[in-house]
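Visitor:
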Amino acid sequence: MKQIAQYQDGRLELQEVPMPTAPPGGALVRVTHSVISVGTEKMKVEQAKMNLLQKARARPDQVRKVLDTARNLGWRAALEKVRNRLETPTPLGYSAAGIVESVDPGNTRFRVGDRVACAGAECAFHAEYIALPDLLMARVPEGVEGWQAAYTTLASIALQGVRQLEPQLGSRVLVMGQGLVGLLVTNLLAASGCRVMAVDLAPSRRSFAEAMGAERVVILGQQNLADEVRVWSEGFGVDAAVLCTAGNNNAPLEQAADALRDRGRIVIVGNTRADCAWKVFYEKELDVRYSRSYGPGRYDASYEWGGADYPIGYVRWTEGRNFDSVLHLMRTGSLRLDALTTRRAPFPSALEVYRDLLSEGARDIGVILEYGSTPPAGGRLPAASGPRAGTPAVAPGEARLPSALARLDVIGAGNFARTMLLPHLHGKVPLGTVVNQTALSAGHVRTKFGFRAAATDAGELLSSPAPGGAAVLIATRHHLHAPLVLQALAGGRHLFVEKPLCLTREELGEIDRAVAASTGSVQVGFNRRFAPASEELRKLVASTPGPKTASFRVMAGKLDPSHWYANYAESGGRVLGEACHFLDYFCFLFGSPPVRVSAQTAWPAGGRLPFPDTVTAQVEFADGSSGQLIYSAEGDTSWPKEELTLFGAGFVASTQNYQKLVIHRGRKEKSFSYLSKGHAEQMAAWAAFLRGERGHPLPYAESRASMLLTFATLEAIQQGGTVTVGG
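Quick note on my numbering: the sequence shown kicks off at 16 and runs consecutively.
Structure representation (structure tokens):
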């Protein structure tokens, strides 16, 4: 299928990409129409054309992230991450309509053949097929045409702004900015019985605003806004203002504040600068509100992707119910979409349309892409995973392969995999199929690294035969690890899975049995044990008799509540998702099984996260060694992220971020400098195993012991005491 892709230099391409796969509880939709949001998409393309200095000035937060990465991983890794970001294409589009082609078994709201409106910058792309979760779709009622339904997302943005305004019948409302969303706001307010003054810089917008129901239109530069407001409002000022402008200009907010009456209200819909001048806002006691996209539920992964709808008694107007509302307004003719639509073009000519929109003097408002009779899809939905149960059992070791495997497939080639894993496998093993959630990213990775094919259905890949043997690398979100590992082992595959291996003891038990019954093998992505500094420390430990003591201090930093790691169902929390690295490191360093662990935690302040993110753990090992882990979300990011101090008979050793290693022994000091955190060495070792050149670099039994220690640490936190690790 074809999809529009935007590169970070502003270049646009109409690419051939693999068919997407319906998410759990979602559907695959054949697109019939999509709307180009002229203002938003033009801004994205223009920002992409900025040079690096301009981008750095526009996004200082991203610059700080690069500097933090350089401090912790070195400049080479930081620059590689930046390069990957710049090379990776992004999709365009977020408002579309189409016909349901297939549904996931967990979807009970939609059927094949249903006409649906589709929303979301994460899924409602300009593409022939899109895959969406349940709550980002709405059924299109009879009497609404497909091109009209494609406006649903944009109309919902406008509707949410009106809901935040809470206007009353007869209110005088100022609408600043008469782009696509601003015109829809004007239309909705007029349809609600409000009197609207529309304001814009472009004289060409006057006729559009009048057609949408504006009582008065003011063109800045031609008319004096203050004079117009004074006459129109009979000297009182307007009751409310909606800002549908964008840019780093504070003038719209200042003009709106001056135009408002005492105790008036401003709602900010657009991405506009909002520096409130204290004097006017205080003296008028103005109320300022923001409107968040399509409505409640937006940016909440549990709502949008988890299907957890909000009870109507508590949240009357979710984004999904806003979709239904605007579709009803379309059916009754209250939304004047024909007056907005200035261009309709076939999807194959989309690049020509974008060139016109980016040219000076372009005056289009609503642009519809029409997809015609796209052939039906023939792809299959992924198979559902089976029930989870079981008791841990001892798994066998791994043997050297008699010959090289035919190919390596990859599931989940996100930025981490593209930066830290795939560059170290490219050219070392034959690359087969890459599977990503979105078709565009899968196609990009296929081209960048030379995979034979790209796809979006992991279940179909793992269930297909692999002549000559195939390995698979799994780097998805954590909750998908165990089901994919089990399916890969059932097919006899050798696999690499990023940490953590799984999220529960029950899943670990299932994997134990699968490993015992499979001809395949499992390697978990505990890369730090492969770092050159780690190898040097391990030699030091092995050459020194007696138990050792180690202290690991990790300055992990605060977790953004909007990050997917903050979703416990997906990540398993920070102990399982991140601290497992350092618990495994103790196991590697001492070479002895863990016996007991005690742990305590400081919970995030204010209920910021549903799991502990600052943990202190004390681990005892069978040989008498002990390890203390301090994993903290608090601190200063300028401090080294990971510090280890190791004590043994006659020596003290310390390392910072695996880049600097110092060993004090016999009143002598030896210093080492390194660049690697172990990713390159880890991948090189596993690639050599796949070629049949060496034994398995990380036996399953060792990864299993580390996972058992991680589970025991969580239990120690919950119980507030010491827990036996067990086996």
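Glycine included, every Cβ here is placed at the ideal spot set by N, Cα and C.
Tell me where the beta strand (DSSP E) around residue 159 begins and ends.
Guide: No beta strand (DSSP E) contains residue 159, which DSSP labels as neither H nor E.
Visitor: What three-state label does DSSP hand residue 30 in the structure shown?
Guide: The answer is strand: DSSP assigns residue 30 an E or B state.
Visitor: Looking at the structure shown, is residue 653 part of a helix, part of a strand, or coil, going by DSSP?
Guide: It is coil, neither helix nor strand.
Visitor: Roughly how many angstroms lie between the CA atoms of residue 328 and residue 312, to the nearest whole one?
Guide: Each residue's Cα considered, the two are about 15 Å apart.
Visitor: Would you give the residue range spanned by the beta strand (DSSP E) that residue 547 belongs to?
Guide: Element bounds for residue 547: not the beta strand (DSSP E) but the alpha helix (DSSP H), 547-557.
Visitor: Suppose you measure from the CA of residue 210 to the CA of residue 253; what does that come to, to the nearest Å?
Guide: About 10 Å.
Visitor: Please look up how many angstroms separate the CB atoms of residue 705 and residue 419, rounded, as I've assumed it's under 8 Å.
Guide: Their Cβ separation, rounded to whole angstroms, is 7 Å, which keeps residue 705 and residue 419 in contact under 8 Å.
Visitor: To test your reading of the DSSP string, which unbroken alpha helix (DSSP H) runs of 4 or more residues are found completely within the region 169-215?
Guide: Taking only runs of at least 4 residues, the alpha helix (DSSP H) segments lying wholly in the region 169-215 are 195-206.
Visitor: Just to check, is the beta-carbon of residue 617 closer than 7 Å to a non-hydrogen atom of the ligand NAP?
Guide: Looking for the ligand NAP in the displayed structure turns up nothing, as the structure carries no ligands at all.
Visitor: If you compare alpha carbons, which of 366, 629 and 429 is closest to residue 28?
Guide: Among 366, 629 and 429, the Cα nearest to that of residue 28 is on 366.
Visitor: With a threshold of 7 Å on Cβ separation, who are the neighbours of residue 534 within its own chain once the five nearest residues in sequence on each side are excluded?
Guide: Here the set comprises 507.
Visitor: So, do the region 37-52 and the region 157-173 have three or more beta carbon pairs nearer to each other than 8 Å?
Guide: Output reads yes: the region 157-173 touches the region 37-52.
Visitor: Report the three-state DSSP secondary structure of residue 512 (helix, strand or coil).
Guide: It is a strand residue.
Visitor: Please classify residue 725: is it buried, with 16 or more other beta-carbons within 10 angstroms of its beta-carbon, or exposed?
Guide: By the 10 Å Cβ count, residue 725 comes out buried.
Visitor: If distances are taken between C-alpha atoms only, which option among 714, 41, 643 and 25 comes closest to residue 539?
Guide: Residue 539 has its Cα closest to that of 714, out of 714, 41, 643 and 25.
Visitor: Considering Cα atoms alone, identify which of 172, 667, 612 and 730 is closest to residue 686.
Guide: Checked all of 172, 667, 612 and 730; the closest Cα to residue 686 is 667.
Visitor: Does the Cβ-Cβ distance between residue 723 and residue 738 come in under 8 Å?
Guide: No, the pair does not count as a contact, with Cβ atoms beyond the cut-off.
Visitor: Run through the DSSP bridge pairs and tell me what residue 80 is partnered with.
Guide: DSSP output for residue 80 lists no bridge partner at all.
Visitor: For the region 559-574 against the region 490-509, are there 3 or more C-beta pairs whose distance is under 8 Å?
Guide: Not touching, per the Cβ criterion.
Visitor: With distances taken from CA atoms, which of 345, 476 and 191 is nearest residue 231?
Guide: Residue 231 has its Cα closest to that of 191, out of 345, 476 and 191.
Visitor: Along the chain, where does the alpha helix (DSSP H) that runs through residue 501 open and close?
Guide: Residues 496-505.
Visitor: Buried or exposed: residue 163, going by 16 or more other Cβ atoms within 10 Å of its Cβ?
Guide: The residue in question, residue 163, is buried, as its Cβ has 16 or more Cβ neighbours within 10 Å.
Visitor: Beta-carbon separation of residue 551 and residue 373 under 8 Å?
Guide: No, the pair does not count as a contact, with Cβ atoms beyond the cut-off.
Visitor: Report the option in 200, 214 and 215 whose CA atom is closest to the CA atom of residue 208.
Guide: For the residues 200, 214 and 215, the minimum Cα distance to residue 208 belongs to 200.
Visitor: What is the DSSP secondary structure of residue 282, reduced to helix, strand or coil?
Guide: Residue 282: strand per DSSP, three-state reduction.
Visitor: Taking the beta strand (DSSP E) that residue 667 belongs to, which residues open and close that run?
Guide: It spans 666-671 - the beta strand (DSSP E) in which residue 667 sits, taken as one unbroken run.
Visitor: What are the residues that DSSP puts in a beta bridge with residue 360?
Guide: Answer is 384.
Visitor: Please state if the CB of residue 629 and the CB of residue 614 are separated by a distance shorter than 8 Å.
Guide: Taking 8 Å as the Cβ cut-off, residue 614 and residue 629 do not qualify as a contacting pair.
Visitor: Report, in whole angstroms, the separation of the C-beta atoms of residue 454 and residue 33, which I expect to be a contact under 8 Å.
Guide: Contact flag correct, Cβ pair sits at about 5 Å.
Visitor: Please return the same chain residues whose Cβ sits closer than 6 Å to the Cβ of residue 727, not counting the five positions on each side in sequence.
Guide: Hits under 6 Å: 612, 738 and 740.
Visitor: Just the Cα atoms here: how many angstroms apart are residue 298 and residue 246?
Guide: Cα to Cα, the separation comes out at about 22 Å.
Visitor: Measure the C-alpha to C-alpha separation of residue 505 and residue 314 and round it to an integer number of angstroms.
Guide: Cα-Cα distance, rounded: 36 Å.
Visitor: Whose C-beta lies closer than 6 Å to the C-beta of residue 346 among residues of the same chain, with five residues either side of it excluded?
Guide: If we look at residue 346 and ignore the five residues flanking it on each side, its Cβ neighbours are 156, 158 and 159.
Visitor: Starting from the Cα of residue 137, find the closest Cα among 591, 336 and 38 and give me that residue.
Guide: Cα-wise, what sits closest to residue 137 is 38.
Visitor: Applying the 10 Å Cβ sphere with the 16-neighbour rule, what's the burial state of residue 55?
Guide: So residue 55 ends up on the buried side.
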